[in-house]
Amino acid sequence: MPHWLVKINSRQIRSSKSNYLEQCTFTVGMVCIVLLNLLLIGTALAQNTPTHRKFEYKHSFRAPNLAQRDGTIPFWSVTGDAIASSEQLRLAPSMRSRKGIAYNKRPMVESEFFEVETSFKVTGQGRVGADGLAIWYTSQQGTLGNVFGANDYWVGMGIMLDSFDNDGQKNNPFVSLMINDGTRSNKPFPVKLRLEYFRNVLTVYMTDGLTQAPRYELCLRAENIFLPRNGFFGISAATGGLAGSQF
């Protein structure tokens, strides 16, 4: 079973060998945003202040009825080679040098802290795949570019799911916070990723895709992360010389 290489600022946390895909398709079944609001008791803000979770549909999408009849996703812009259907968003098809991106049209003004859960799947026919996908939270809406389908020089956070072994170390897919994350392949069920940003601490969890019931495992936890307020959520993917479809 493939595992993840986790990096934070290029410092290795854990590593193990893994397998790859060659012709892979990346599909996204849902992006669910949950706001983490502090429940203030009086005027004091204690460390153990309880939180209130609220689902925010204007920053989310999920199947069924993911896309409307005209192929658009409410509150999201979909560009490049990405195609939305009622059941999934295909970010990049199984063809060389393709890329697609979906970005939330609305900034996150409802809360400073949030929790994001997304379900994605990588499918294909070969062993080696490229390039990967990314989940974004940035100060401005992203555009098509060369960073897993999105633009470079962003302000904010990007979690990269890197499926290609560029350095030949046989340690892909891998997770890094720069933010970089790799995708497991050949799993019977979609892999789920959940990230939480609360009190300037960013935590990322993932499932192994081996069972339908989610079993989240801790991938990384980083403190002193200061993300821009009122940012935008996004997700993108791209293929390189080795093609794969990414959803």
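Offset between the sequence shown (1-based) and my numbering: plus 354.
Virtual Cβ for every residue (Gly too), placed ideally from N, Cα, C.
One thing to note: Phe543 has its Cβ no nearer than 9 Å to the Cβ of Leu515. Residue environment: Gly425 is assigned as exposed (fewer than 16 neighbouring CB atoms within 10 Å of its CB, all protein chains considered). Where Ile589 is concerned, the enclosing beta strand (DSSP E) starts and stops at 586-592. The three-state secondary structure of Tyr491, taken from DSSP, is strand.
Collapsing the DSSP output to three states places Tyr507 in coil.
Here Asp506 is exposed. Its C-beta has fewer than 16 other C-beta atoms within 10 Å.
Apart from sequence neighbours up to five positions away, the residues of its chain that approach Val432 with a beta-carbon distance below 6 Å are Ala438, Ala456, ordered along the chain. Excluding its 5 nearest sequence neighbours in each direction, Phe580 has C-beta neighbours in its own chain below 8 Å: Asn554, listed in chain order. A Cβ-Cβ contact shorter than 9 Å links Leu487 with Ala592. Membership of His406 in the beta strand (DSSP E) is indicated by the continuous run 405-409. Boundaries of the beta strand (DSSP E) harbouring Ala446: 443-446, taken from the DSSP string. Assignment of Lys412 by DSSP, reduced to helix, strand and coil, places it in the helix class.
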